[in-house]
Amino acid sequence: MKVFADFHLHSKFARATSQDMDLENIAKWGKIKGLDIIGTGDFSHPKWFSEIKSKLQPLSGHGIYEYAGMKFMLTTEISTIYQQDKQTRKVHH
185 MKVFADFHLH SKFARATSQD MDLENIAKWG KIKGLDIIGT GDFSHPKWFS EIKSKLQPLS
245 GHGIYEYAGM KFMLTTEIST IYQQDKQTRK VHH
């Protein structure tokens, strides 16, 4: 079974991101692109998380949610910053 997903996107609350990146538009364009599931992006942002909680409906009890006929999974990015060989290293995940 093939699943088409996009787990790397940002919400309207991220810097330099369109204010149109709300759940309505993310779901709409996900359908147009033929995606089966989309990551929420930035779920740790307080205002975005509040919007997510008010609109997404649990689908399976296993971390999959639904809104406007599109499946969502909570996602975010992290930056790992550490020292190695006396140099600061940064990895963006």
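Add 184 to a position in the sequence shown, counting from 1, and you land on the number used in this note's numbering. Where a beta carbon is used, it is the ideal one built from N, C-alpha and C, also for glycine. Quick caveat: nothing in here was measured; it's all calculated off a predicted structure.
Discussion item. Quick check on DSSP: helix, strand or coil for Glu181?
Written reply: Limits of the chain in this structure are 185 at one end and 277 at the other, which puts residue 181 out of reach.
Discussion item. Taking the straight line between their C-alpha atoms, what separation do you get for Ile236 and Phe256?
Written reply: 10 Å
Worksheet item: Straight-line CA distance for Thr259 to Thr272?
Response: 26 Å
Item to complete: Indicate whether Trp202 and Trp232 have their beta-carbon atoms separated by less than 7 Å.
Response: At residue 202 the sequence reads Ser, which differs from the Trp that was named. Not in contact: Ser202 and Trp232 (Cβ atoms no closer than 7 Å).
Fill in: Gly218 - DSSP class collapsed to helix/strand/coil
coil
Worksheet item: Apart from the five residues just before and just after Gly225, which ones in its own chain have a Cβ nearer than 6 Å to its Cβ?
Response: Leu193, His194, Ser195 and Thr259
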